[in-house]
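Protein chains in written order, with this note's numbering: chain A, 1040 to 1153; chain B, 251 to 361. Note that beta-carbon positions come from the ideal geometry of N, C-alpha and C, so glycine has one too.
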Amino acid sequence: ETGVTQSPTHLIKTRGQQVTLRCSSQSGHNTVSWYQQALGQGPQFIFQYYREEENGRGNFPPRFSGLQFPNYSSELNVNALELDDSALYLCASSAEQGRGTEAFFGQGTRLTVV
Amino acid sequence: GDSVTQMEGPVTLSEEAFLTINCTYTATGYPSLFWYVQYPGEGLQLLLKATKADDKGSNKGFEATYRKETTSFHLEKGSVQVSDSAVYFCALSDIGNQFYFGTGTSLTVIP
Chain A
1040 ETGVTQSPTH
1050 LIKTRGQQVT
1060 LRCSSQSGHN
1070 TVSWYQQALG
1080 QGPQFIFQYY
1090 REEENGRGNF
1100 PPRFSGLQFP
1110 NYSSELNVNA
1120 LELDDSALYL
1130 CASSAEQGRG
1140 TEAFFGQGTR
1150 LTVV
Chain B
251 GDSVTQMEGP
261 VTLSEEAFLT
271 INCTYTATGY
281 PSLFWYVQYP
291 GEGLQLLLKA
301 TKADDKGSNK
311 GFEATYRKET
321 TSFHLEKGSV
331 QVSDSAVYFC
341 ALSDIGNQFY
351 FGTGTSLTVI
361 P
């Protein structure tokens, strides 16, 4: 059983550019969530996808958008990058929508905006 | 809204010392509570969890008890090892499995 994988592991972008981050969920998991982890902080919830539909969104502007595909993999897109978008972006997948369900995290994509 | 407040770090302990990391939460509903650990260069891993009041989660010698009356979920270990050095995150999740994390506590255990 493969875990959650994210790509790329690192990237550097220029302010104003657009970026796409990718995530393959763990086998059998239909829910994918994205988190932003700034340096020295805990992860902050961006949004969640459940069976290809957005299923909740945190306090992030619309330039943060996403997709979930029929195989439950997911993309996070960020437009008009700002310096403050520099962070570790974590993808998490889970098997069901239920109380106490564990989220399995990938190792993250380190985004640097210059 | 939902939130988690976690003891600030960093924490440095000698091997075999007792560890406590405090965590309190605010929630509109009845959340599940978690401790996740992040070892250097790795992703977040679940350490333990509890889903209802008075439940005790435990794993690898770590324990935490869901205290609804004090809205707390403090992490404890009786005897830490060098291999426990990591960043520890307290978190809660609601029915939608959206997680709210504390800021993390960095633990360094010295031989």
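Proximity test, Cβ basis, 8 Å: residue i and chain B
i: A:G1067; result: no
i: A:A1142; result: yes
i: A:R1061; result: no
i: A:F1103; result: no
i: A:Q1087; result: yes
i: A:T1070; result: yes
i: A:G1055; result: no
Exposure label - residue i; buried when at least 16 CB within 10 Å
i: A:L1078; result: exposed
i: B:F312; result: buried
i: A:L1122; result: exposed
i: A:P1047; result: exposed
i: B:K302; result: exposed
i: B:F284; result: buried
i: A:T1070; result: buried
i: A:S1066; result: exposed
i: A:N1116; result: exposed
Residue range of the beta strand (DSSP E) that includes residue i
i: A:G1105; result: 1103–1107
Selection from the options that minimises the alpha carbon distance to residue i
i: B:V287; options: B:Y350, B:Y338, B:V359; result: B:Y338
i: A:N1118; options: A:H1049, A:P1047, A:G1055, A:T1044; result: A:G1055
i: B:G354; options: B:M257, B:S329, B:F284; result: B:M257
i: A:T1148; options: A:Q1136, A:H1068, A:A1126; result: A:A1126
i: B:A300; options: B:T278, B:H324, B:G352; result: B:H324
i: B:V254; options: B:A267, B:E266, B:L263, B:T274; result: B:T274
i: A:L1050; options: A:R1061, A:V1043, A:G1042; result: A:R1061
CB-CB length for residue i against residue j, believed under 8 Å
i: A:G1097; j: A:Q1080; result: Incorrect: roughly 14 Å between the Cβ atoms, too far for contact.
i: B:S308; j: B:L294; result: No, B:S308 and B:L294 are not in contact; Cβ-Cβ is about 19 Å, not under 8 Å.
Below-8 Å beta-carbon distance, residue i vs any chain A residue
i: B:S282; result: yes
i: B:F268; result: no
i: B:T255; result: no
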